[in-house]
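Asks:
In my numbering, the protein residues as written are 7 to 274.
(1) Which word fits residue 260, buried or exposed, when buried means at least 16 other C-beta atoms lie within 10 angstroms of its C-beta?
(2) Since residue 262 and residue 132 are thought to touch, with beta carbons under 8 Å apart, how far apart are those beta carbons, to the nearest angstrom?
(3) Please report the straight-line C-alpha distance between residue 163 and residue 99, rounded to a whole angstrom.
(4) Checking 8 Å against the spacing of the C-beta atoms, do residue 59 and residue 236 come in under that value?
(5) From residue 55 to residue 187, what distance separates their C-alpha atoms?
(6) Using a threshold of 8 Å, state whether the C-beta atoms of residue 160 and residue 95 are closer than that.
(7) Considering only C-alpha positions, which residue in the set 158, 170, 206 is nearest to residue 193?
(8) Exposed or buried, which one is residue 246 when buried takes at least 16 other CB atoms within 10 Å?
(9) Any chance the stretch 222-240 sits against the stretch 82-97, with 3 or more Cβ pairs inside 8 Å?
(10) Rounded to a whole number of angstroms, what is the C-alpha to C-alpha distance between residue 118 and residue 104?
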């Protein structure tokens, strides 16, 4: 499509980078639907959703690396929690990506239904914390809960190619984690998830045969979107330090509702 395609990819990368840095969502919530619509519009052959979600996960390496470096600069990464993130994120992302690659369309619909139920539950909890006091000590974060939550969310995030942020950040906010720390934790998780999922993607494509990687990811999209998101992600990190907590939660709620809408579209 000449110069139009790179412009589209740059816009996708720029927007996803800003939102990734600001909200800790990894950018997949924007990249996957955008690429799905784009590839559908130009009549791409093959499994469009597999291509979009796999490309999104590879792009996420660049997006979250840039965001993680910025969070490190502002000292918002809690290294005491990193050890709890590593095991859950790696095992969850391996399981989630393998399920997508090897299960049928029926299995994907089941995942979408499960995802929709979880998104609805988290949206309700987040909405409650916005309009009512969320200072209940029972809501405070426990390390074991974080490990289980990260594992389960990583399964779904790797399966759908959107990362963990759209579910993990709202859950952390409900568990009384400061928004800057929540986005930093989510960014680290997304970085770990994207690397693990990318290894699975390349291993799977090599199993299919030579040059099969081009049926699974778009290298042109990875390069263009990845570079744009790498540049704009630090801008989002700066923004998250300026957003009021209630406004931040409202924005996250809007993203969760859009995610629920995406799952409904996928199911039907």
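Every residue gets a Cβ at the ideal spot worked out from N, C-alpha and C, and that includes glycine.
All values reported here derive from a predicted model rather than from experimental measurement.
Replies: Reading it off the structure:
(1) exposed
(2) 7 Å
(3) 7 Å
(4) no
(5) 32 Å
(6) yes
(7) 170
(8) buried
(9) no
(10) 16 Å
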